[in-house]
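Asks:
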Amino acid sequence: MPEPCPLCSTDSRPFSDGRLSICENCGGIFRPQALLPGPEEESARYRLHQNDIRDTGYRNFLSPVIDAVLAHQNPKQRGLDFGCGPEPSVSLLLREKGYSINYYDPFFHPEPIPQNRKFDFIVCSEVIEHFHRPDREFTRLKELLTPRGRLYCMTWPFDDSIDFDSWSYKNDFTHTFFYRERTLRWIRDYWRFNSLHIDKRLIVFVK
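When we follow the numbering used here, the leftmost residue of the sequence shown carries the number 6, and every step to the right adds one.
1. With which residues is Leu25 paired in a DSSP beta bridge?
2. Give the secondary structure of Phe112 by DSSP, where H, G and I count as helix, E and B as strand, and everything else as coil.
3. Go ahead and label Gly84 buried or exposed: buried means 16 or more other beta carbons lie within 10 angstroms of its beta carbon, across all protein chains shown.
4. With a CB to CB cut of under 7 Å and the five nearest residues on each side skipped, what residues in its chain are close to Asp3?
5. Between Glu8 and the ligand HEM, is the CB less than 7 Å from at least one heavy atom?
6. Can you give the Cα-Cα distance for Gly103 and Leu75, rounded to whole angstroms?
7. At 3 residues or longer, and completely inside the stretch 141 to 201: list those beta strand (DSSP E) runs for me, N to C.
8. Assuming Ser96 contacts Asp86 under a Cβ cut-off of 8 Å, what Cβ separation, rounded to an integer in Å, is found between them?
9. Helix, strand or coil: which one does DSSP assign to Asn65?
10. What residues match up with Ser226 in a beta bridge as DSSP calls it?
11. Using DSSP with H/G/I as helix, E/B as strand and the rest coil, what is Ile34?
12. Alpha carbon to alpha carbon, how far is Pro93 from Arg100?
13. Considering only residues of the same chain and omitting the five flanking positions on each side of His54, which have a CB-CB separation below 8 Å?
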């Protein structure tokens, strides 16, 4: 039986081969709890990622979010690389440009973010599709931002031009929640972000 959506808690229905569900309200597509990977499975998968900032291809992959931060934030502002993985690539690239940025990852850099610490911008590069409980994570991210702070997310949104069953992005078992434009607008409205900008795989929320 389909489970309530982990983003908006609304009823869902079976989707694709029936092993996923789609929310009737926000439009999010998600894996049911029984198919969510455990911490050891996730950690092992993330360690296989080849994220070397010396590689030109990887730098180009990160360029949309890096360029957006450089265009809208200044080096005096405080940033957070949320879900940075084993190597905090975004942090390293922005530090090259003189930015002050901390990093956090629940598996590899789990040091608690100091209570009452706020950030002018937060980067989630290929992170939000891994959220098991996006409702809790977006609440946390919104609370971590200063007024007018920006949340920069990179993920591949799903739209009706994509054949989901042959979409390679869904094949990574750690990708547990897939967003549509409708879903992102729902997030904007529910958490009362002042604006939302979507440019292919770059999504920017402004508090």
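Note that the Cβ used here is the ideal one computed from N, Cα and C, for glycine as well.
Note that the structure is a prediction, hence the values are computed from the model and not measured.
Replies: Straight from the coordinates:
1. Phe20
2. coil
3. buried
4. Because the chain here runs from 6 to 212, residue 3 falls outside it and cannot be looked at.
5. Of ligands this structure carries none, so the ligand HEM is not represented either.
6. 10 Å
7. 150 to 159
8. 4 Å
9. helix
10. The requested residue 226 is not part of the displayed model; the chain covers only 6 to 212.
11. strand
12. 11 Å
13. Gly90, Pro91
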